[in-house]
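Student: Next up is a structure, given as structure tokens.
Protein chains: 2
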Amino acid sequence: MQYFTDTEEYIDLKEVNRAIETAFADHARGVVQMPPKVYITLPEGDFRTMPAYLPSLSLAGVKVVNVHPGNPAKDLPSVMALTIILDIATGTPVAILNATKLTDIRTGAAGAVAAKYLSPKKEIVLGLIGAGRQAEAQYRAISLELDIYEIKCWSRNSLHAEKFAHAITEHDAHSVPLEKACDCDLLVTTTPSRTPVVRSEWVQEGTHINAIGADAPGKQELDPLLLKRGMVFVDDMSQAVHSGEVNVPINCGIFTPEEIAGTLGEVVIGMKKRKNADQITIFDSTGLAIQDLAIAAIAMRNGRVINLPFP
Amino acid sequence: MQYFTDTEEYIDLKEVNRAIETAFADHARGVVQMPPKVYITLPEGDFRTMPAYLPSLSLAGVKVVNVHPGNPAKDLPSVMALTIILDIATGTPVAILNATKLTDIRTGAAGAVAAKYLSPKKEIVLGLIGAGRQAEAQYRAISLELDIYEIKCWSRNSLHAEKFAHAITEHDAHSVPLEKACDCDLLVTTTPSRTPVVRSEWVQEGTHINAIGADAPGKQELDPLLLKRGMVFVDDMSQAVHSGEVNVPINCGIFTPEEIAGTLGEVVIGMKKRKNADQITIFDSTGLAIQDLAIAAIAMRNGRVINLPFP
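Chains P and U, in that order, give the protein sequences.
Residue numbers in the first sequence follow my numbering, run continuously in steps of one, and reach 1085 at the last position.
Residue numbers in the second sequence follow my numbering, run continuously in steps of one, and reach 1085 at the last position.
Put into structure tokens, the structure is as follows:
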């Protein structure tokens, strides 16, 4: 059994985007096993268990990932993860991956795949709501799929947004007021908000939105009117209804699961698409265990390996 | 983060019995979090993901365990397991345990707790149906709770039963025909059977049965008439209905969930008990994630430790 650490250092983000795209296609074709993630509530956060089997990569395993919003005050990441990989022929655990940064990257890659297929423009102004690790992962992955000519960034703490924009050297990036950040071609929300941050009237027709932050019951970032105006694509129907951007509006009766236009996988395989260039489209990402397997396959070729005795 | 291996070498089995007993009591009091285990089917077996939080031990984590019946032909155990332990305050993964042998031991301990509370006799003839690793674990754990004055062992392969009996030096043990093994005070079944092995007419009144083998849909070891004759206690209601000894009879309409007398935890805390000494009682074990946490707490004090970088 091998423990893989620092796996992100040599990873090819373009290769990750393609692997995630393929995983979504497999999901739409129904050739994966992936029960909904299971939540355990802890005193100051939670952890989620995400098992899956991806036959196209002959890969099976489980990611275990926590969310503890108070961790940064303790100098720890809010989100940390391990992935266990099993040999599909014998069930033997063959690898354990430090999957903390891989989680950021594979979530960014899902956003990039959504942007590739759902953004009507290929040259974009990118609006970022939230300026943390996931904002950066989305930006890096999307920049490999679309041409970015401006980045407008907003964070509740404007110093964070300024620092984020300042760190970007490859593109024209700056910190802007919230409403201005929403005036863009591709809007990415990565906050842990439990009340809508983005108001519908701030978003122009034709915008594609990656709604990334909502990944647990009670979380939401978008004005529910945006969901009604736009076409909503989810990563997985049952996970999204349970814990995605749509979860609060569905529980309030403002939105129904029947109004969901389809899954990102269905978009990738051509079953579904945006109706016209003027429509708003929304990708509601909760994070899939098959994304963790797809990136694990790449990550196991990189990083530092420590051999462990097993069984 | 620490990786623990060889954790079973110095483990105190009596201490494990008590820890498992306490975990069952916590389960009955409703002070644990433990969603039903999640199954993923692989080409030649399956794996199960078992997350839980046991507040009384301040312990949270996940066991990942496979079942591959064809593994022994490849010189590998059928069942192998890893347990990940998270710090409950921050969600940080703090330990990974090689839990293969711990799984055997904690399952044996559940059988010992059931025997302690449900066997009407304290001096017993022990009947063992199946002569593998779990038969040994049951025997070792039960021998710490009850006085065994004879062991009758049967296996489909009589050489296995003879070898098993021969290896036991502390007690009078011998290989016997199937029907003879069922004529005992405490009967333990540990086979992977999908059709009943033990016929009702072979079992005398007052026998307590630990039905251990059935842990997946379609598995069963006991004549359903035994369930009708006796009082059935389960480890966890939803897991037992899904995959325990009762799963096939319930799916066939021979038995109903309402006929289950209670849980082992309810027996431990005194809410439920056998009605009289002449009754047959059955403990239907599927294996609980809280058992894995309870034994992990002990195992982390033993064994060899390898320090791993994280995060």
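Even glycine gets a Cβ: it sits at the ideal position worked out from N, Cα and C.
Keep in mind the model is a prediction, meaning the values are calculated, not measured.
Taking Cβ positions only, does U/F778 come closer than 7 Å to chain P?
Tutor: The residue you call residue 778 of chain U lines up with position 4 of the second sequence. It does not; no Cβ of chain P falls within 7 Å.
Student: Is U/S974 helix, strand or coil when you go by DSSP?
Tutor: Here residue 974 of chain U refers to the residue found at position 200 when the second sequence is read from its first residue. Looking at U/S974 - three-state DSSP - the assignment turns out to be helix.
Student: Would U/A935 and U/A905 be called neighbours here (beta carbons separated by less than 7 Å)?
Tutor: The residue labelled residue 935 of chain U in the question sits at position 161 within the second sequence. The residue labelled residue 905 of chain U in the question sits at position 131 within the second sequence. It is a contact, given that the beta carbons lie within the stated cut-off.
Student: What are the start and end residues of the alpha helix (DSSP H) that includes P/S949?
Tutor: For the purposes of this step, residue 949 of chain P is identified with residue 175 of the first sequence, where counting begins at 1. Unbroken run through P/S949 is the beta strand (DSSP E), A947 to S949; no alpha helix (DSSP H).
Student: Does DSSP classify U/Y784 as helix, strand or coil?
Tutor: Your numbering for residue 784 of chain U matches position 10 in the second sequence. DSSP places U/Y784 outside both helix and strand once states are collapsed to three, so it counts as coil.
Student: Taking just the CA atoms, how far does U/G1077 sit from P/D1009?
Tutor: Taking the first residue of the first sequence as 1, we reach residue 1009 of chain P at position 235. Taking the first residue of the second sequence as 1, we reach residue 1077 of chain U at position 303. Their backbone Cα atoms lie some 42 Å apart in a straight line.
Student: Quick check on P/M808: does DSSP put it in helix, strand or coil?
Tutor: Sequence index remark: in the first sequence, residue 808 of chain P carries index 34 (1-based). Coil.
Student: In its own chain, which residues sit with a C-beta less than 6 Å from the C-beta of U/Y813, not counting the 5 before and 5 after it?
Tutor: Counting from one through the second sequence, the residue named residue 813 of chain U turns up at place 39. Within the same chain, U/Y813 has close Cβ partners D820 and R822.
Student: Taking the alpha carbon of P/L816 as the point to measure from, which residue in U/I859, U/Y777 and U/M775 has its own alpha carbon closest?
Tutor: Within the first sequence, numbered from 1, the residue matching residue 816 of chain P stands at position 42. Taking only the C-alpha atoms, the option nearest P/L816 is U/I859.
Student: Compare the C-beta of U/T874 with all C-beta atoms of chain P and state if any pair is closer than 7 Å.
Tutor: Translated into the one-based positions of the second sequence, residue 874 of chain U becomes position 100. Cβ-Cβ to chain P under 7 Å: yes for U/T874.
Student: Using a beta-carbon distance below 7 Å, is P/V1042 in contact with chain U?
Tutor: If you number the first sequence from 1, residue 1042 of chain P lands on position 268. Chain U, which has no Cβ nearer than 7 Å to the Cβ of P/V1042, makes this no.
Student: Go through the stretch 1020-1053 of chain U residue by residue and report every complete run of the alpha helix (DSSP H) that reaches 4 residues or more, in order.
Tutor: 1021-1026 and 1038-1042
Student: In whole angstroms, give me the CA-to-CA distance for U/K837 and U/A1051.
Tutor: Taking the second sequence and counting its residues from 1, one reaches residue 837 of chain U at position 63. Taking the second sequence and counting its residues from 1, one reaches residue 1051 of chain U at position 277. Rounded to the nearest angstrom, the two C-alpha atoms are 37 Å apart.
Student: Find the residues of chain U that neighbour P/P851, judging by a C-beta separation of less than 7 Å, and give them in chain order.
Tutor: Indexing the first sequence from 1 puts residue 851 of chain P at position 77. Neighbours of P/P851 on chain U, chain order: P1085.
Student: Starting from P/F1057, follow the beta strand (DSSP E) in both directions and report where the run begins and ends.
Tutor: Counting from 1 along the first sequence, the entry for residue 1057 of chain P is found at position 283. Taken as a continuous stretch (DSSP letters only), the beta strand (DSSP E) holding P/F1057 covers T1055 to D1058.
Student: Looking at the strands, I want to know which residues DSSP matches up with U/F821.
Tutor: By one-based count along the second sequence, residue 821 of chain U stands at place 47. Residue pairing by DSSP puts U/F821 in a beta bridge opposite U/I814 and U/N840.
Student: Does DSSP classify P/K937 as helix, strand or coil?
Tutor: By 1-based counting over the first sequence, the position of residue 937 of chain P is 163. The answer is helix: DSSP assigns P/K937 an H, G or I state.
Student: With DSSP collapsed to three states, give me the class of U/G980.
Tutor: Within the second sequence, numbered from 1, the residue matching residue 980 of chain U stands at position 206. In the structure shown, U/G980 sits in coil (DSSP, three-state: anything other than H, G, I, E or B).
Student: Mind listing the chain U neighbours of P/Q1013? Cutoff is C-beta to C-beta under 9 Å, in chain order.
Tutor: As a first step, residue 1013 of chain P is located in the first sequence; it is residue number 239 there, counting from the start. Chain U residues near P/Q1013: none, gap ~14 Å exceeds 9 Å.
Student: Put U/Q1065 into one of helix, strand or coil per three-state DSSP.
Tutor: As a first step, residue 1065 of chain U must be located in the second sequence, where it is residue number 291. Residue state for U/Q1065 is assigned as helix, using DSSP reduced to three classes.
Student: For chain P, check one thing: does any of its Cβ atoms lie closer than 7 Å to the Cβ of U/F1029?
Tutor: Here residue 1029 of chain U is taken as the residue at index 255 of the second sequence, counted from 1. U/F1029 does not count as touching chain P.
Student: Evaluate P/E1032 with the Cβ neighbour count: other Cβ atoms within 10 Å of its Cβ, from every protein chain shown; 16 or more gives buried, anything less gives exposed.
Tutor: Counting from 1 along the first sequence, the entry for residue 1032 of chain P is found at position 258. By the neighbour-count criterion, in which 16 or more other beta carbons inside 10 Å mark a residue as buried, P/E1032 falls on the exposed side.
Student: Leaving out the 5 sequence neighbours to the left and right, which residues in its chain are closer than 6 Å to P/L924 when beta-carbon positions are compared?
Tutor: As a first step, residue 924 of chain P must be located in the first sequence, where it is residue number 150. Strictly speaking, residue 924 of chain P in this sequence is Glu, with Leu absent from that position. These residues qualify, in order along the chain: V899 and D946.
Student: Nearest-angstrom Cα distance between U/C958 and U/P1085?
Tutor: Locating residue 958 of chain U in the second sequence gives position 184, where the first residue counts as 1. Locating residue 1085 of chain U in the second sequence gives position 311, where the first residue counts as 1. So the two alpha carbons sit approximately 54 Å from each other.
Student: Compile a chain-ordered list of the residues in the stretch 795-823 of chain P whose CB is closer than 7 Å to at least one CB of chain U.
Tutor: Q807, P809, V812, I814, T815, L816, P817, E818, G819, F821 and T823
Student: Are the stretch 1038-1051 of chain U and the stretch 970-977 of chain U in contact at 8 Å, needing three or more beta carbon pairs?
Tutor: no
Student: Quick one: what does DSSP say P/L999 is sitting in, helix, strand or coil?
Tutor: Counting from one through the first sequence, the residue named residue 999 of chain P turns up at place 225. Here P/L999 sits in helix by DSSP.
Student: Would P/P966 and P/P998 be called neighbours here (beta carbons separated by less than 7 Å)?
Tutor: Numbered from 1 along the first sequence, position 192 holds the residue referred to as residue 966 of chain P. Numbered from 1 along the first sequence, position 224 holds the residue referred to as residue 998 of chain P. Contact: no.
Student: Hey, out of U/L961, U/M1011 and U/A886, whose CA is closest to U/E1040's CA?
Tutor: To locate residue 1040 of chain U, count along the second sequence from 1; it is residue 266. Answer by Cα proximity: U/M1011.
Student: Residues of chain P with CB closer than 9 Å to the CB of U/G865, please, in chain order.
Tutor: Sequence index remark: in the second sequence, residue 865 of chain U carries index 91 (1-based). Going along chain P in sequence order, the residues near U/G865 (Cβ under 9 Å) are L816, E818, G819, D820, F821, V839, N840, V841, H842, N845, L850, S852, V853 and M854.
Student: By Cβ distance, which residues of its chain are closer than 7 Å to P/E783, with the 5 residues on each side in sequence left out?
Tutor: Position 9 of the first sequence, counted from the start, is the residue given in the question as residue 783 of chain P. If we look at P/E783 and ignore the five residues flanking it on each side, its Cβ neighbours are N1076 and G1077.
Student: For U/I983, which residues of its own chain have a beta-carbon under 6 Å away from its beta-carbon, when the five flanking residues on both sides are left out?
Tutor: Here residue 983 of chain U corresponds to residue number 209 of the second sequence, with the count starting at 1. Cβ neighbours of U/I983 beyond the five flanking positions: L961 and I1056.
Student: For P/A985, does the three-state DSSP call read helix, strand or coil?
Tutor: For the purposes of this step, residue 985 of chain P is taken as the residue at position 211 of the first sequence. If DSSP states are grouped into helix, strand and coil, P/A985 belongs with the strands.
Student: Along the chain, where does the beta strand (DSSP E) containing P/A1144 start, and where does it finish?
Tutor: No information on residue 1144 of chain P is available, as it lies outside the stretch 775 to 1085 that chain P covers here.
Student: Taking U/I1054 as the reference, give the member of U/C1026, U/K895 and U/R914 with the closest Cα.
Tutor: Sequence index remark: in the second sequence, residue 1054 of chain U carries index 280 (1-based). Considering only alpha carbons, the answer is U/K895.
Student: Within 7 Å (strictly less), CB to CB, does U/Y784 reach chain P?
Tutor: Position 10 of the second sequence, counted from the first residue, corresponds to residue 784 of chain U. False, the Cβ-Cβ gap to chain P never drops below 7 Å.
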